[in-house]
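Remarks on the structure that follows.
Number of protein chains: 2
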Amino acid sequence: MDIEKKIRELAVQVKTAARVLAAAPTLEKDRALRAMAAGLRNRRGFLQERNRLDLEKARENGLSAAMIDRLTLSDSVIEAMATGLEEVAAFPDPVGEVERMWRRPNQLLVGKMRIPLGVVGMIYESRPNVTADAAGLCLKSGNGVILRGGSEAFHSNMAVLEVLHEALATTSIPVDVVQVVPFTERQAINYLLQCEEEIDLIIPRGGEGLIRFVVEHSRIPVIKHYKGVCHVFVDTGAEIEMARKIVVNAKTHRPGVCNAAETILVHREIAAEFLPLMAADLQAKKVEIRGCAKTLALLPDLMPATDEDWATEYIDLIVSVKVVDGFDEAVAHIARYGSDHTETIVTSDYHRSQEFLRQVNSSVVMVNASTRFSDGGQMGLGAEIGISTTKLHAYGPMGLEGLTTTKYIIYGDGQIRE
Amino acid sequence: MDIEKKIRELAVQVKTAARVLAAAPTLEKDRALRAMAAGLRNRRGFLQERNRLDLEKARENGLSAAMIDRLTLSDSVIEAMATGLEEVAAFPDPVGEVERMWRRPNQLLVGKMRIPLGVVGMIYESRPNVTADAAGLCLKSGNGVILRGGSEAFHSNMAVLEVLHEALATTSIPVDVVQVVPFTERQAINYLLQCEEEIDLIIPRGGEGLIRFVVEHSRIPVIKHYKGVCHVFVDTGAEIEMARKIVVNAKTHRPGVCNAAETILVHREIAAEFLPLMAADLQAKKVEIRGCAKTLALLPDLMPATDEDWATEYIDLIVSVKVVDGFDEAVAHIARYGSDHTETIVTSDYHRSQEFLRQVNSSVVMVNASTRFSDGGQMGLGAEIGISTTKLHAYGPMGLEGLTTTKYIIYGDGQIRE
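Protein chains in written order, with our numbering: chain W, 1288 to 1705; chain E, 1288 to 1705.
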């Protein structure tokens, strides 16, 4: 009961501070971001001292080496946090941008102006660097942010917050624009998700379990993607060398992330030539291949794919392969099994490149490029705060612009309605 | 249980048809819209015959003359429905529009392309013309629509649907892109609001009670506004004649709608000159005025306004008036009591016009124009399907563009991530 009340109070503080931030000049926001970056560098010793408390507990609790690695505030992680904030300071400010204006027959001048959403709630796991990254993006876009990191990073997150607050205190921006929920209880998430009067948007980052929990319990709109079952379709007539490079990159460049490819669709006219080369490439990278019946007819040593495989995000060095009769079957397969994340066609045919972009309505659709480019930074959106595979508000990687909305502005000179 | 199952089946039918519609060429959609318009005109006798069933029942149930008027499919209402569909056919198609494209350092060409949302659920009261209007806007924007009108208009809505289906059957667009829930039970709304796999967006139109019911019971995102407490702020130095005309128009042009003004804020330096003129204008239009203490000091015969008045949408010939010490108090009053709908400043001062547009974050903010222009048609968005006072996805009047989202498209020539 005490926790609930304190979280509500914290949310009200953030909302109040966010109103001031919403009207803050870009120069002052950028100054604050650079002060935050300098603070992280200057207080590295303090951050690492507090980080050690989390690391000790993690070792006591027997966390995996990978988990401990993600939790560690090494010199390079702290430097990357600082650099990230400086990069955000260098981005153009979306707030106040007027997208376009048009003149009405009665001379009214109507336009759309970008404004912040208000307050963002971030719920995430492990990595304490998210605390600084999310604070930076929200600050630049004029939003207050209330952060709830994983309990295993509690001391690290509170230390990062302390340093950010020290920096903000030297500016005209209220320190309360960034807050961390100071409770490790799971119940704290539930209370946060009830603050619908104070928080405008929830962004969960983590495994599918965390995201489903958040969606289930939130009264506040949630920006989310559950999984990324991304496809590469190798069309007949595709350049074989290009297709090989794209498939290998999409699958193996970083198999544990959501924009890695999970299924390769291959046009039957190119299958006999392409599949053996692709299989050799992937096997050299230790990828397990699961094929459809037609794939197995060409490569009998592979594992067979089941219907379940087509809908699976492996997040691992595993890939499913299906030979399709043509373009239409590829598009239908993606519509049925895809997750609206990212799909790419490798083709040399002008018409099918255009049809693929038109007919596939996943959030990112590509021609002749690796699915790994489905990323806010790579696509030039500035940093990325999340990715959405639902169509309302934002669809695809979400950067600074996704943290804003538009209001209509109208310039008149005395018009009334007749 | 039977109703639940049938509504789910209907939603699945609409979703399946919507996939075909999403890829339909603009020419074919426009042809369908014109066929629908012609159908409404040709089948006027049939529509009015069915409409009489609703009207007879309405009279038996003692509905008010105003309600019966809204329910009537007169010749002019049917002609307006047909004309409305033809106007929508003439609008540019938002689907497929690429907003802008940019080149990345590695030569990838990245852009945003507009696509339909999928399936829209409309829940509304009385007016059977909404059935055709909503069908037209959804069809043009490539969305399926499932409609649930008021039970008092049941026969009229089913007749409009029948005519629209006859028209669609002459085109390549599946008739199921438009459906009406054929149940008058209130429970049917609940079932509709559970179809989260089939419906992407719910738009309720009606009184605050209906909207709150929908929000409370929906698992699907809802585009909504509860009320419109719109403000006119008359600044010091405003042109007196312009301010008088704008206040009278904003309050009395159509007092029963959400963009009518409810509160007039008057700068204290202009109050003594302006208030008596404004009060006389409004009283000539039979408007009841409720004033703050400073207003009453100038005009002692008025009713006093209570704190409750500042937050009230009268939807009637009543207005509240407050004298403010200056610009900041006006903006603070709007932030505290406003409903994020529409506000206007009447001013001759350049700086305050810009500050008002910058500081007030309602969905429509104006300078020197009547709040009555806060309307999709008046603002040039094409027709209006709803209005949103929450910031996610759409904010303000929502036309064809609000019924779409954007996906990212990327043109490459073999790029992989290093």
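C-beta atoms are modelled at their ideal positions from N, C-alpha and C, and glycine is treated no differently.
- Query: For Gln1702 of chain W, which beta-bridge partners are listed by DSSP?
  - Reply: Position 415 of the first sequence, counted from the first residue, corresponds to residue 1702 of chain W. Answer by DSSP bridge pairing, in chain order: E:Ala1656.
- Query: Apart from the five residues just before and just after Ala1617 of chain E, which ones in its own chain have a Cβ nearer than 7 Å to its Cβ?
  - Reply: Residue 1617 of chain E sits at position 330 when you count from the first residue of the second sequence. Taken in chain order, the residues that qualify are Phe1520, Leu1552 and Val1611.
- Message: On a Cα-Cα basis, can you pick out the residue from W:Ala1525, W:Val1464 and W:Ile1365 that is closest to Gly1431 of chain W?
- Response: Against the first sequence, residue 1431 of chain W aligns to sequence position 144. Comparing Cα positions, the closest option is W:Val1464.
- Message: Can you tell me whether Glu1386 of chain W is helix, strand or coil according to DSSP?
- Response: By one-based count along the first sequence, residue 1386 of chain W stands at place 99. In the structure shown, Glu1386 of chain W falls within a strand segment according to DSSP collapsed to helix, strand and coil.
- Message: Among E:His1540, E:Thr1550, E:Asp1588 and E:Arg1541, whose alpha-carbon lies nearest the alpha-carbon of Pro1563 of chain E?
- Response: Walking along the second sequence from the start, residue 1563 of chain E turns up at place 276. Cα-wise, what sits closest to Pro1563 of chain E is E:Asp1588.
- Task: Determine the burial state of Pro1381 of chain W: buried for a count of at least 16 other Cβ atoms within 10 Å of its Cβ, exposed for fewer.
- Result: Position 94 of the first sequence, counted from the start, is the residue given in the question as residue 1381 of chain W. Result: buried.
- Message: Would Gln1481 of chain W pass as an interface residue toward chain E - the criterion being a Cβ-Cβ separation below 8 Å?
- Response: Counting from 1 along the first sequence, the entry for residue 1481 of chain W is found at position 194. Output row for Gln1481 of chain W: interface = no.
- Cβ of Thr1539 of chain E within 8 Å of any chain W Cβ: Start at 1 with the first residue of the second sequence, and residue 1539 of chain E comes out as number 252. Cβ-Cβ to chain W under 8 Å: no for Thr1539 of chain E.
- Grouping DSSP H, G and I as helix and E and B as strand, with all else coil, what is Tyr1637 of chain E? Indexing the second sequence from 1 puts residue 1637 of chain E at position 350. Helix, per DSSP.
- Output, in sequence order along the chain, the residues in the region 1607-1624 of chain E whose CB is closer than 7 Å to any CB in chain W. none
- Message: Can you check which of these residues, E:Val1417, E:Pro1392, E:Arg1357 and E:Glu1705, is closest to Arg1541 of chain W by C-alpha distance?
- Response: In the first sequence, the residue the question calls residue 1541 of chain W occupies position 254. Among E:Val1417, E:Pro1392, E:Arg1357 and E:Glu1705, the Cα nearest to that of Arg1541 of chain W is on E:Glu1705.
- Message: Please return the same chain residues whose Cβ sits closer than 8 Å to the Cβ of Ala1319 of chain E, not counting the five positions on each side in sequence.
- Response: The residue labelled residue 1319 of chain E in the question sits at position 32 within the second sequence. Leaving aside the five residues that flank Ala1319 of chain E on each side, the residues in its chain whose CB is nearer than 8 Å to its CB run, in chain order, Leu1426, Ala1454, Leu1455, Thr1458 and Ile1460.
- Is there a Cβ from chain W that is less than 8 Å from the Cβ of Val1516 of chain E? Translated into positions along the second sequence, residue 1516 of chain E becomes position 229. For Val1516 of chain E, the answer is no, since every Cβ of chain W falls outside 8 Å of its Cβ.
- What first and last residue would you give for the beta strand (DSSP E) that runs through Arg1577 of chain E? Counting from one through the second sequence, the residue named residue 1577 of chain E turns up at place 290. Residues Glu1575 to Gly1578.
- Task: For the beta strand (DSSP E) holding Leu1531 of chain W, just list the boundary residues, first then last.
- Result: By one-based count along the first sequence, residue 1531 of chain W stands at place 244. Going by the sequence as given, residue 1531 of chain W is Arg instead of Leu. Arg1531 of chain W -> not in any beta strand (DSSP E); alpha helix (DSSP H) instead, spanning Ile1527 to Thr1539.
- Item | Cβ-based contacts, 9 Å cut-off: residues of the region 1407-1428 of chain W near chain E | none
- Taking a cut of 9 Å between CB atoms, which residues from the region 1644-1664 of chain E lie near chain W? Leu1644, Arg1645, Gln1646, Val1647, Asn1648, Ser1649, Ser1650, Val1651, Val1652, Met1653, Val1654, Asn1655, Ala1656, Ser1657, Arg1659, Phe1660, Ser1661 and Asp1662
- Thinking C-alpha only, which one of E:Asp1289, E:Ala1311 and E:Leu1404 is nearest Leu1687 of chain E? Indexing the second sequence from 1 puts residue 1687 of chain E at position 400. The residue with the shortest Cα to Cα distance from Leu1687 of chain E is E:Leu1404.
- Query: Ends of the beta strand (DSSP E) at Tyr1411 of chain W?
  - Reply: In the first sequence, counting from the first residue as 1, residue 1411 of chain W sits at position 124. That run of the beta strand (DSSP E) goes Val1406 to Tyr1411.
- Closest by CA to Gln1466 of chain W, which one among W:Ala1547, W:Ile1703 and W:Lys1302? Along the first sequence, one-based indexing puts residue 1466 of chain W at 179. Minimum Cα distance to Gln1466 of chain W is reached at W:Lys1302.
- Item | Beta-carbon neighbours of Gly1431 of chain E, restricted to chain W and to distances below 8 Å | Translated into positions along the second sequence, residue 1431 of chain E becomes position 144. For the C-beta of Gly1431 of chain E, not a single chain W residue is nearer than 8 Å; the gap to the nearest is close to 13 Å.
- Message: With three or more beta-carbon pairs closer than 8 Å as the criterion, would you say the region 1431-1444 of chain W touches the region 1399-1413 of chain W?
- Response: By the Cβ criterion, the region 1431-1444 of chain W is in contact with the region 1399-1413 of chain W, since at least three pairs of Cβ atoms, one from each stretch, lie closer than 8 Å.
- Chain-order list of residues whose beta-carbon lies under 7 Å from that of Thr1692 of chain W (same chain, five-residue window excluded): Translated into the one-based positions of the first sequence, residue 1692 of chain W becomes position 405. Apart from the 5 residues on each side of it in sequence, Thr1692 of chain W sits with its Cβ closer than 7 Å to the Cβ of Ile1402 and Leu1404 in its chain, given in chain order.
- Query: Looking only at DSSP bridge pairs, what is Ser1428 of chain W linked to?
  - Reply: The residue you call residue 1428 of chain W lines up with position 141 of the first sequence. In DSSP, Ser1428 of chain W forms no bridge with anything.
- Cβ of Thr1692 of chain W within 8 Å of any chain E Cβ: Taking the first sequence and counting its residues from 1, the one referred to as residue 1692 of chain W is at position 405. Output row for Thr1692 of chain W: interface = yes.
- Query: By how many angstroms is the C-alpha of Gly1664 of chain E removed from the C-alpha of Asp1341 of chain E?
  - Reply: Stepping through the second sequence from its first residue, residue 1341 of chain E is reached at position 54. Stepping through the second sequence from its first residue, residue 1664 of chain E is reached at position 377. Rounded to the nearest angstrom, the two C-alpha atoms are 30 Å apart.
- Message: Output needed for Thr1523 of chain W: all residues of its chain with C-beta closer than 7 Å, excluding positions within five of it in sequence on either side, in chain order.
- Response: Residue mapping note: residue 1523 of chain W aligns to position 236 of the first sequence, counting from 1. So the list reads His1554, Glu1556 and Ile1557, once near-sequence residues are dropped.
- Query: Roughly how many whole angstroms lie between the Cα atoms of Arg1499 of chain W and Asp1603 of chain W?
  - Reply: Counting from 1 along the first sequence, the entry for residue 1499 of chain W is found at position 212. Counting from 1 along the first sequence, the entry for residue 1603 of chain W is found at position 316. The straight-line gap from Cα to Cα measures roughly 21 Å.
- So with Cβ pairs under 8 Å, would you call Tyr1682 of chain E a contact of chain W? As a first step, residue 1682 of chain E must be located in the second sequence, where it is residue number 395. Yes, Tyr1682 of chain E counts as interfacial toward chain W.
- When you compare each of W:Ala1547, W:Val1633 and W:Leu1395 to Glu1526 of chain W by their alpha carbons, which one comes out closest? For the purposes of this step, residue 1526 of chain W is identified with residue 239 of the first sequence, where counting begins at 1. For Glu1526 of chain W, the nearest C-alpha among the options comes from W:Val1633.
- Distance, Cα to Cα, Arg1306 of chain W vs Pro1684 of chain W? Within the first sequence, residue 1306 of chain W is the residue found at index 19, counting from 1. Within the first sequence, residue 1684 of chain W is the residue found at index 397, counting from 1. Roughly 26 Å separates the two Cα atoms.
- CB of Ser1351 of chain E to nearest heavy atom of the ligand ADP: below 7 Å? The ligand ADP is absent from the structure shown, which contains no ligand whatsoever.
- Is the distance from the Cβ of Thr1676 of chain W to the Cβ of Asn1546 of chain W below 8 Å? Position 389 of the first sequence, counting from 1, holds the residue named residue 1676 of chain W. Position 259 of the first sequence, counting from 1, holds the residue named residue 1546 of chain W. Their beta carbons are not under 8 Å apart, which means Thr1676 of chain W does not touch Asn1546 of chain W by this criterion.
- Query: Who are the Cβ neighbours of Asn1444 of chain E in its own chain at under 8 Å, not counting the five residues just before and after it?
  - Reply: Your numbering for residue 1444 of chain E matches position 157 in the second sequence. The residues are Pro1415, Thr1418, Leu1434, Gly1436 and Val1467.
- Taking Tyr1662 of chain W as the reference, give the member of E:Asn1338, E:Arg1321, E:Arg1391 and E:Ala1353 with the closest Cα. In the first sequence, counting from the first residue as 1, residue 1662 of chain W sits at position 375. Before going further, note that residue 1662 of chain W is Asp rather than Tyr in the sequence given. Cα-wise, what sits closest to Asp1662 of chain W is E:Arg1391.
- Message: Going by C-alpha to C-alpha distance, which of E:Gln1474, E:Tyr1624 and E:Gly1349 sits closest to Lys1292 of chain E?
- Response: The residue given as residue 1292 of chain E occupies position 5 in the second sequence. Of the listed residues, the one whose Cα sits closest to Lys1292 of chain E is E:Gln1474.
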